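Each remark here refers to the structure printed beneath this line.
In UniProt numbering, the protein residues as written are 1 to 739.
Below, the structure is given as structure tokens:
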């Protein structure tokens with residue numbers, strides 16, 4: 001195809017401003033391009049010759065825009081999306097717009113698609129020039145997908161996550177198809193197939209999500225690890241992982257240019273063979289979509305060389321470097337090769353805008369808030385302070401069961417450990433989703449407790465559902481939760497950018513390191529608290545540390561009312577003293593902390609030691625230390641830090657740029673009321689970083705006592721002693737600081 005400059009063509013539509021090269025008339029356009037293949041119904045007929053012809057034009061338009069946009073900044077990733085442009089175009093032509101990706105590097109392709117269907121007009125992008133200008137700019141089109149972009153259903157960046165979003169959406173919207181692209185380079189991520197397998201076992205009737213494998217032979221910088229598989233081996237791989245339908249379209253079957261290797265570039269074919277390949281993709285996608293919507297676990301595979309139709313091939317096409325500018329000869333040549341005449345641009349835009357009933361920004365499921373049932377007033381049960389010790393997690397579990405009984409879409413996830421975490425009452429109330437019905441184990445096919453032996457699968461479905469608008473709870477041992485944290489962090493970051501309200505993603509982490517001594521150091525990994533401590537500065541992440549069974553109920557009740565946040569509740573599964581009232585925790589959720597005990601010395605003018613304590617079990621040695629200090633004539637105040645995010649100063653976090661911004665922080669006067677003294681000792685059974693908000697603001701002599709390292713011990717007390725968390729050590733340091 002030859003190209004001309006804009007001046008040599010008919011007047012181009014206004015949205016084409018910024019397109020540098022336009023092509024000459026395309027053979028067959030008068031026959032197959034005179035009328036848009038998509039009418040007011042929102043989809044094309046896959047058997048219509050015009051549909052295949054116009055799908056090819058859409059694929060080329062996507063390729064042109066990807067290269068035009070990325071080269072405008074000499075940055076970005078065109079190669080992977082380009083190799084499956086026909087598949088994406090086919091999905092759109094068939095009216096499917098709820099498209100997700102597992103590949104963050106497909107972002108330029110998704111942005112181009114959102115431009116073509118006019119979704120990006122919602123953020124002031126009307127022309128290709130504006131598309132170029134806003135690419136990889138702040139408040140523009142970020143390098144990886146974000147919920148900030150109109151029409152984009154889910155974030156993408158870390159590999160191995162896209163299936164969680166697609167399955168979550170499919171579970172909530174069983175009448176819609178949710179395709180998601182997955183690269184063969186990322187197929188080796190360990191959780192993709194296992195998470196799909198467990199989901200399909202738990203929800204065998206929910207098959208309306210469609211993996212679209214982009215099998216192009218390369219990953220980011222080298223051949224993909226599945227590049228040597230034959231077509232038969234790849235098909236067997238998917239069948240072997242439980243798929244019931246595999247549709248594979250291999251570009252090599254249509255090659256008339258004698259290209260070498262197993263992976264070829266369809267844009268090098270003759271036009272007739274390009275059209276034949278595109279028609280095969282269109283009908284194959286239609287077959288796969290219908291299969292997925294009819295109850296069969298289905299995958300569509302497009303096999304085509306990475307970089308097809310852009311500036312380079314193979315891994316060399318993956319991303320652009322500073323040399324890859326719009327003036328570079330190889331970029332100019334590639335753009336001219338893909339150039340389209342103005343009438344084609346108008347046709348493609350018309351089809352894309354009509355597909356699926358309108359722009360993605362107006363039609364996809366995540367552009368609307370998911371309707372939730374009202375929970376009303378939950379049956380909180382307040383225990384008397386100083387009364388019989390209670391298990392915090394069990395008290396919260398009772399409320400969780402009530403939430404699930406009211407909201408039938410509510411889902412609890414746990415890696416097969418609710419009973420071990422003191423929350424067997426959740427299983428009893430809501431039942432574990434399992435094909436084997438067994439009352440002894442609280443199993444039933446229609447349960448609401450999802451228990452794969454994978455923290456990634458637990459966190460992925462819980463966080464994905466929350467992002468899509470549903471209520472969920474992810475439960476885990478603190479020691480294992482780190483394995484599910486990447487997807488949870490991705491979602492909380494996305495929630496901070498969303499243009500809509502969605503329920504906060506809530507977690508319950510039990511059996512902290514202090515309770516896991518007998519199980520050895522493998523079960524003692526409180527470094528996850530350092531992760532959450534750093535995430536607090538995002539502005540929408542709130543770690544909560546209820547000190548007892550009363551407090552945890554109020555914390556969970558509050559968490560359920562919040563939007564677009566990550567709420568992390570950490571509590572013990574052991575019976576512990578009741579130290580707070582409901583009102584005290586409500587105050588602590590506002591002020592960050594609550595004073596549990598304050599004893600002035602009987603010696604006038606004596607020094608005061610303040611203990612700022614995070615956690616529940618850690619209060620035990622602190623109260624012992626306080627009793628000793630009092631006998632030494634030293635005044636003591638014990639403060640339970642329940643909501644440390646409130647203790648930062650407003651400028652410490654990015655709260656003001658978060659969706660559903662929460663600007664609640666304690667002022668200096670309230671901070672002084674809580675923590676002023678001659679000495680301040682921060683105490684936590686986890687990472688010291690969680691104490692940062694307090695240590696930043698305090699002007700007293702101060703020190704921290706925190707977790708150092710795991711060890712095999714017989715009791716929590718012995719493990720605390722190994723880490724220096726003893727009453728004797730705390731009292732000794734308090735005396736040293738005040739004297």
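Virtual Cβ for every residue (Gly too), placed ideally from N, Cα, C. Quick caveat, the model's predicted, so the values are computed rather than measured.
Practice problem: For residue 477, count neighbouring Cβ atoms within 10 angstroms of its own Cβ and tell me buried if that reaches 16, exposed if not. | Solution: buried
Exercise. Can you say whether residue 657 is buried or exposed, counting buried as having 16 or more other CB atoms within 10 angstroms of its CB?
Key: exposed
Practice problem: Identify, in the order they occur along the chain, each residue of the same chain with its Cβ nearer than 6 angstroms to the Cβ of residue 7, setting aside the five sequence neighbours on each side. | Solution: Only weak support is given to the placement of residue 7: the predicted model assigns it a pLDDT of 43, under 50, and the question is left unresolved by the model.
Quiz prompt | Euclidean distance between Cα positions of residue 236 and residue 215 | solution = 15 angstroms
Quiz item: If we count the other Cβ atoms within 10 Å of its Cβ and call it buried at 16 or more, is residue 469 buried or exposed?
Solution: buried
Quiz item: What do you reckon, are the CB atoms on residue 102 and residue 162 nearer than 7 angstroms?
Solution: yes
Quiz prompt | Sequence-distant residues of its chain with Cβ nearer than 6 angstroms to residue 65 (five each side left out) | solution = 112
Self-check item: Residue span of the alpha helix (DSSP H) that contains residue 737, given as start and end
Solution: 727–738
Self-check item: residue 702 - partner residues in DSSP beta bridges
Solution: 680
Quiz item: residue 464 to residue 140, Cα distance in whole Å?
Solution: 24 angstroms
Quiz item: Three or more C-beta pairs closer than 8 angstroms, one from the segment 301–317 and one from the segment 206–226: is that the case here?
Solution: yes
Quiz prompt | Option nearest residue 496 by Cα separation, candidates 467, 519 and 508 | solution = 467
Quiz item: With a CB to CB cut of under 7 angstroms and the five nearest residues on each side skipped, what residues in its chain are close to residue 514?
Solution: 617, 685, 716, 719 and 720
Practice problem: Can you give me the Cβ contacts of residue 264 inside the same chain, cut-off strictly under 6 angstroms, excluding the 5 residues immediately before and after it? | Solution: 251, 252, 255 and 305
Quiz item: Which same chain residues, not among the five before or five after residue 208, have their C-beta less than 7 angstroms away from its C-beta?
Solution: 170, 174, 176, 177, 178, 292 and 293
Quiz item: Taking DSSP as the reference, what is the three-state secondary structure of residue 493?
Solution: helix
Exercise. Name the residue from 383, 459 and 93 whose alpha carbon lies nearest to the alpha carbon of residue 348.
Key: 93
Quiz item: Taking buried to mean at least 16 other C-beta atoms within 10 Å of its own C-beta, is residue 532 buried or exposed?
Solution: buried
Exercise. Could you please give me the residues that DSSP links to residue 475 through a beta bridge?
Key: 414 and 508
Quiz item: By Cβ distance, which residues of its chain are closer than 8 angstroms to residue 13, with the 5 residues on each side in sequence left out?
Solution: 342, 345, 346 and 349
Self-check item: Buried versus exposed, by CB contacts within 10 Å (16 or more), residue 222
Solution: exposed
Quiz prompt | From 37, 152 and 589, residue whose alpha carbon lies closest to that of residue 500 | solution = 152
Quiz item: Which residue's Cα is closest to the Cα of residue 551: 505, 522, 607 and 615?
Solution: 615
Quiz item: What span of residues does the alpha helix (DSSP H) with residue 395 cover, start to end?
Solution: 392–406
Quiz item: Considering residue 267, what are the terminal residues of the beta strand (DSSP E) in which it resides?
Solution: Residue 267 -> no beta strand (DSSP E), and no H or E assigned at all.
Practice problem: Compute the Euclidean distance between the alpha carbons of residue 558 and residue 567, then round it to the nearest angstrom. | Solution: 10 angstroms
Quiz prompt | Simplified DSSP state of residue 534, which is helix, strand or coil | solution = helix
Quiz item: Cα-Cα, which of 360, 542, 260 and 40 is closest to residue 591?
Solution: 542
Quiz item: Out of curiosity, what's the CA-to-CA distance linking residue 669 and residue 698?
Solution: 12 angstroms
Quiz item: Which parts of the segment 606–664 are runs of the alpha helix (DSSP H), unbroken and 4 residues or longer, counting only runs that do not cross its ends?
Solution: 619–631
Quiz item: By DSSP, does residue 161 sit in helix, in strand, or in coil?
Solution: coil
Practice problem: Check the C-beta distance from residue 613 over to residue 638 and give it rounded, since I have them as a contact under 8 angstroms. | Solution: 6 angstroms
Quiz item: If residue 667 sits next to residue 700, beta carbons under 8 angstroms apart, how far is it from one beta carbon to the other, in whole angstroms?
Solution: Between residue 700 and residue 667 the Cβ distance is about 18 angstroms, and since that is not below 8 angstroms, they are no contact.
Exercise. Note down the Cα distance separating residue 282 from residue 38, rounded to an integer number of angstroms.
Key: 14 angstroms
Exercise. Have a look at residue 36 and residue 18 and give me their C-alpha separation to the nearest angstrom.
Key: 24 angstroms
Quiz item: Touch check for the segment 235–249 and the segment 276–290: three-plus C-beta pairs under 8 angstroms?
Solution: yes
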